[in-house]
Amino acid sequence: MKTPTESPTVAKPSKAPDRRRLLLVDDHPVTRRGVAALINAERDLEVAGEADSAPRALEIVGHQQFDLAIVDVSLGAMSGIELIKNLKVLAPSLPILVMSMHDEGLYAERALRAGAHGYIMKQEASDKILIAIQRVLSGDLYISDKMKEKMLHRLVNKKKETEGVFSIDTLSDREMEVFQLIGNGFSTRQIASQLHLSVKTIDSYREHLKLKLQLESGPDLVRFAIQWVKSEIASGPSAAAPVPN
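So in full-length UniProt numbering, spot 85 of the sequence shown is number 85, and the numbers just go up one at a time.
Below, the structure written as structure tokens:
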């Protein structure tokens, strides 16, 4: 009498993890494609929406839910910093990671104050970008170790650094963006093109900057902006903004 053959045990396929839904906000299609490819290659992540402008991002978030928004700083008519503030009103629980070509020394603090949960530069290696995404998704803040040290130094030495040293914290987000581009050597027309604004509007911002910074001329503004950008990017944590002449 033959014993019945036992059926082999078939392992149940493991359920694929739920993929976290990410929104990409960047006005450069090539950048969006590259970042999307990096993210979509991960088993637990997917780019579920893309926007090339701040208004489009707000429209999408108004109709869909996301686990994370990845936002650039420079977005044209509305800056990424302004977008962060608006997103926090529209979707208060939405984590936001800023990923930008601008040095973190220029914008990381402003982004965090606006409501972002992290800041990473586009030039960073792919694995670091993925680490930043996972950190923010897990509820943590993410900035580089260098930036942590710099922010801590500023906090501890706040009084010392503000005595006799000019602070640019009085500048609006858009004024800051124009100021930073001036410091990077952009002409008025180049800034207008970069920010999708008119030359007349940029000239107006230049005048506002001279008044706020108490500078007498356009060349003085350019010199001060260049000095400030260099001090923020090239120097260590102890750097302070130069005093305008």
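All C-beta atoms, glycine included, are put in the ideal place defined by N, C-alpha and C.
Selected residue, minimal CA-CA separation from residue i, among the options
| i | options | result |
| --- | --- | --- |
| Gly-46 | Leu-24, Tyr-142 and Thr-31 | One point to set straight first is that residue 46 is Glu, not Gly, in the sequence displayed. Closest by alpha carbon: Leu-24. |
| Thr-170 | Lys-146, Leu-213 and Ile-70 | Leu-213 |
| Ser-101 | Lys-85, Asn-184, Gly-115 and Arg-20 | One point to set straight first is that residue 101 is Met, not Ser, in the sequence displayed. The shortest C-alpha separation from Met-101 is found at Asn-184. |
| Ala-48 | Ile-96, His-208, His-196 and Arg-20 | Arg-20 |
| His-196 | Asp-18, Leu-22 and Asp-27 | Asp-27 |
| Glu-149 | Ser-187, Glu-124, Leu-181 and Glu-109 | Glu-109 |
| Leu-68 | Ala-132, Glu-207 and Glu-82 | Ala-132 |
| Ile-143 | Lys-85, Ile-96 and Ser-79 | Ile-96 |
| Ala-111 | Leu-83, Lys-122 and Asp-127 | Leu-83 |
| Ser-187 | His-63, Ile-81 and Pro-219 | Pro-219 |
| Glu-124 | Leu-38, Leu-22 and Gln-227 | Leu-38 |
Separation of residue j from residue i, as counted between CA atoms
| i | j | result |
| --- | --- | --- |
| Ser-198 | Arg-43 | 44 Å |
| Ser-172 | Phe-179 | 10 Å |
| Lys-210 | Glu-177 | 14 Å |
| Val-61 | Leu-90 | 8 Å |
| Lys-160 | Tyr-119 | The pLDDT assigned to Lys-160 is 48, lower than 50, so where the model puts this residue is not dependable; a value taken from the coordinates is nonetheless given after this. If you take the alpha carbons of Lys-160 and Tyr-119, they lie about 27 Å apart. |
| Arg-33 | Asn-40 | 10 Å |
| Arg-223 | Val-35 | 36 Å |
| Pro-92 | Leu-215 | 39 Å |
| Ala-225 | Ile-182 | 6 Å |
| Leu-141 | Val-98 | 11 Å |
| Pro-244 | Asp-18 | At Pro-244 the pLDDT is 43, less than 50, meaning the model places this residue with poor confidence; the figure from the coordinates comes in the next sentence. Using only the alpha carbons, I get a separation of about 53 Å. |
| His-208 | Lys-128 | 38 Å |
| Leu-130 | Asp-103 | 19 Å |
| Lys-230 | Tyr-107 | 14 Å |
| Glu-175 | Trp-228 | 14 Å |
| Val-10 | His-63 | With a pLDDT of 44 at Val-10, under the threshold of 50, the modelled position of that residue is not reliable, and no figure is offered here. |
| residue 257 | Ile-191 | With the chain running from 1 to 245 in the structure shown, residue 257 is simply not present. |
Residue burial classification, residue i (beta-carbon count within 10 angstroms, cutoff 16)
| i | result |
| --- | --- |
| Lys-146 | exposed |
| Arg-189 | exposed |
| Glu-59 | exposed |
| Leu-152 | exposed |
| Gly-139 | exposed |
| Ala-57 | buried |
| Val-71 | buried |
| Ser-193 | exposed |
| Ser-79 | buried |
| Val-30 | exposed |
| Glu-163 | Annotation note: pLDDT 42 at Glu-163 (below 50); position unreliable, coordinate value reported separately. When all chains shown are included, Glu-163 counts as exposed. |
Identified DSSP bridge partners for residue i
| i | result |
| --- | --- |
| Glu-46 | Arg-21 |
| Ser-100 | Met-121 |
| Ala-51 | Val-25 |
| Ala-114 | The partner list for Ala-114 (beta bridge, DSSP) is empty, contrary to what the question assumes. |
| Val-71 | Val-25 and Val-98 |
| Tyr-142 | Gly-118 |
>> Count Cβ pairs between the stretch 37-56 and the stretch 67-83 that sit closer than 8 Å; are there 3 or more?
In response: Under the Cβ criterion (8 Å, minimum of three pairs), the stretch 37-56 counts as touching the stretch 67-83.
> Between the stretch 188-208 and the stretch 113-121, do three or more beta carbon pairs fall short of 8 Å?
Replying inline: Segments in contact, no.
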